[in-house]
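Beneath this line is the structure, given in structure tokens, with notes to follow.
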Amino acid sequence: MKARAATPVGTVTRGTTNPNRLRRMDRWIATTHGAELRRSDAPVAVDLGYGAAPWTAVELLQRLRTAAPRTRVVGVEIDPARVAAAKPYEREGLEFRHGGFEIPLPKRPSLIRAANVLRQYEEAEVAEVWARLCTRLAPAGADSRGGLLVEGTCDEIGRRHVWVALGPEGPRTVTFATRLGSLDRPSDLAERLPKALIHRNVPGEPVHAFLRDFDRAWAAAAPYASYGARQRWLRAVRDLTADWPVTDGASRWRQGEVTVRWEALAPRS
1 MKARAATPVG
11 TVTRGTTNPN
21 RLRRMDRWIA
31 TTHGAELRRS
41 DAPVAVDLGY
51 GAAPWTAVEL
61 LQRLRTAAPR
71 TRVVGVEIDP
81 ARVAAAKPYE
91 REGLEFRHGG
101 FEIPLPKRPS
111 LIRAANVLRQ
121 YEEAEVAEVW
131 ARLCTRLAPA
141 GADSRGGLLV
151 EGTCDEIGRR
161 HVWVALGPEG
171 PRTVTFATRL
181 GSLDRPSDLA
191 ERLPKALIHR
201 NVPGEPVHAF
211 LRDFDRAWAA
221 AAPYASYGAR
231 QRWLRAVRDL
241 TADWPVTDGA
251 SRWRQGEVTV
261 RWEALAPRS
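Using UniProt numbering, read the sequence shown as starting at 1 and increasing by one per residue.
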């Protein structure tokens with residue numbers, strides 16, 4: 001008798017997606033995690049919960065292969081109808097599977113990207129989901145930090161995005177990314193905080209203090225606006241580094257990004 005497939009873990013998302021929506025996250029992954037992908041003989045990346053259309057998985061393959069040409073991408077969706085609809089888009093290096101947080105692959109992936117997946121979950125559920133996904137990542141080794149889980153939220157056309165990067169050991173960093181021309185002030189990104197942080201943007205919580213300080217640095221950098229929004233952002237982030245553990249440098253800041261250690265923004269409770 002044929003064994004019954006395990007029931008996927010998780011719930012069906014709204015499935016809303018648009019082409020090019022996750023470009024900021026993808027480019028950051030290709031830059032910061034590309035070396036880890038290249039170290040693997042056969043790196044596998046998972047686009048978890050890609051939604052009603054497979055565009056994000058197709059684009060992830062294209063962008064990761066600029067950094068690591070051997071990378072394969074597997075789109076994983078809990079809705080079997082979405083998997084069936086995506087099958088015609090399969091090609092060399094790209095496939096689609098039915099599944100959820102259990103990540104139904106025989107090999108632990110080098111990357112799991114979960115964008116706009118946990119938005120509908122309760123905050124109390126996030127830690128368990130993170131822990132489950134981290135156990136599915138490729139383990140760390142003598143010359144490797146292991147796989148990477150990138151979980152976050154963005155707006156419908158990808159202008160504003162905030163994500164948490166986690167390794168097998170747990171959360172590492174939080175990245176804020178934006179199209180600078182669309183930004184009035186850095187705290188506009190608060191509406192795109194991932195589920196672990198969005199309800200913590202209140203006085204007394206670190207993420208609230210960070211966004212408050214970022215707004216103050218942005219205001220102080222107003223004279224640089226005459227040279228463009230990018231120069232104002234660069235100056236504001238540089239000032240921010242005096243009090244916050246920013247982990248990246250000007251080459252990323254110029255892209256409208258800033259990455260901070262998770263411990264500095266983690267919820268107090």
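Virtual Cβ for every residue (Gly too), placed ideally from N, Cα, C.
Values in this document were obtained by computation on a predicted structure and should not be read as measured data.
Option in the options with minimal Cα separation from residue i
{"i": "I29", "options": "T71, E95, A229, R91", "result": "T71"}
{"i": "A196", "options": "G34, A127, R27, V9", "result": "A127"}
{"i": "L94", "options": "D79, L60, P109", "result": "L60"}
{"i": "R113", "options": "P223, W253, P104, Y50", "result": "Y50"}
{"i": "K107", "options": "L189, L137, A85", "result": "L137"}
{"i": "Q255", "options": "P80, R238, R179, T17", "result": "R179"}
{"i": "R119", "options": "I103, G99, E191, R172", "result": "E191"}
{"i": "residue 272", "options": "T13, T56, E263", "result": "Outside the displayed span of the chain (1 to 269) sits residue 272, for which this structure offers no information."}
{"i": "E92", "options": "Q62, V164, V76", "result": "Q62"}
{"i": "R235", "options": "W262, S269, R261, P186", "result": "P186"}
{"i": "D143", "options": "A35, R172, R23", "result": "A35"}
{"i": "V76", "options": "T259, D248, R21, P8", "result": "P8"}
{"i": "R21", "options": "V58, T31, T32, C154", "result": "C154"}
{"i": "A177", "options": "G99, D248, E122, G167", "result": "D248"}
{"i": "P19", "options": "T32, H33, V58", "result": "V58"}
{"i": "R261", "options": "E205, Y224, L166", "result": "L166"}
Beta bridge counterpart(s) of residue i as assigned by DSSP
{"i": "W233", "result": "DSSP output for W233 lists no bridge partner at all."}
{"i": "P139", "result": "None, per the DSSP bridge assignment."}
{"i": "V174", "result": "V164, V260"}
{"i": "F154", "result": "According to the sequence shown, residue 154 is Cys rather than Phe. Partner(s): H161."}
{"i": "A45", "result": "V73, L111"}
{"i": "V9", "result": "According to DSSP, V9 bridges with nothing at all."}
{"i": "L148", "result": "L111"}
C-alpha gap between residue i and residue j, whole angstroms
{"i": "L193", "j": "L148", "result": "19 Å"}
{"i": "E257", "j": "W218", "result": "14 Å"}
{"i": "L265", "j": "V207", "result": "5 Å"}
{"i": "G10", "j": "A115", "result": "14 Å"}
{"i": "H161", "j": "D213", "result": "19 Å"}
{"i": "A84", "j": "A52", "result": "10 Å"}
{"i": "A81", "j": "E90", "result": "15 Å"}
{"i": "A220", "j": "M25", "result": "28 Å"}
{"i": "P104", "j": "T56", "result": "19 Å"}
{"i": "L48", "j": "D243", "result": "35 Å"}
{"i": "T17", "j": "E156", "result": "7 Å"}
{"i": "K97", "j": "R216", "result": "According to the sequence as given, residue 97 is Arg; it is not Lys. Their backbone Cα atoms lie some 46 Å apart in a straight line."}
{"i": "W233", "j": "A250", "result": "10 Å"}
{"i": "F101", "j": "F210", "result": "31 Å"}
{"i": "W253", "j": "V164", "result": "17 Å"}
{"i": "V150", "j": "A45", "result": "11 Å"}
{"i": "R4", "j": "R23", "result": "Residue placement at R4 cannot be trusted, given a pLDDT of 45 that sits under 50; what the coordinates show is reported in the next sentence. Spanning the two alpha carbons is a distance of roughly 37 Å."}
{"i": "D145", "j": "V74", "result": "Looking at the sequence itself, residue 145 is Arg, so the reference to Asp does not match. Approximately 22 Å between the Cα atoms of the pair."}
{"i": "V174", "j": "A86", "result": "31 Å"}
{"i": "P69", "j": "P245", "result": "33 Å"}
{"i": "S110", "j": "R65", "result": "13 Å"}
{"i": "S182", "j": "G158", "result": "11 Å"}
{"i": "P54", "j": "P88", "result": "10 Å"}
{"i": "P168", "j": "R27", "result": "22 Å"}
{"i": "P139", "j": "G170", "result": "12 Å"}
{"i": "P267", "j": "A222", "result": "30 Å"}
{"i": "E263", "j": "L240", "result": "16 Å"}
{"i": "T31", "j": "S269", "result": "33 Å"}
{"i": "D184", "j": "R238", "result": "18 Å"}
{"i": "M1", "j": "G99", "result": "Legend: pLDDT at M1 = 38, less than 50; position of this residue unreliable, no value from coordinates given."}
{"i": "E122", "j": "H33", "result": "29 Å"}
If you scan the stretch 58-131 from start to end, which runs of the beta strand (DSSP E) of 3 or more residues do you find wholly inside it?
72-77, 94-98, 111-115
Between the stretch 225-233 and the stretch 197-205, are three or more C-beta pairs nearer than 8 Å?
no
Report yes or no: do the stretch 120-135 and the stretch 25-45 share at least 3 C-beta pairs separated by less than 8 Å?
no
Please list the segments of the alpha helix (DSSP H) lying wholly inside the stretch 14-39, counting only runs of 4 or more residues, in order along the chain.
23-39
Which full runs of the alpha helix (DSSP H) of 4+ residues lie inside the stretch 194-222, going along the chain?
195-198, 206-220
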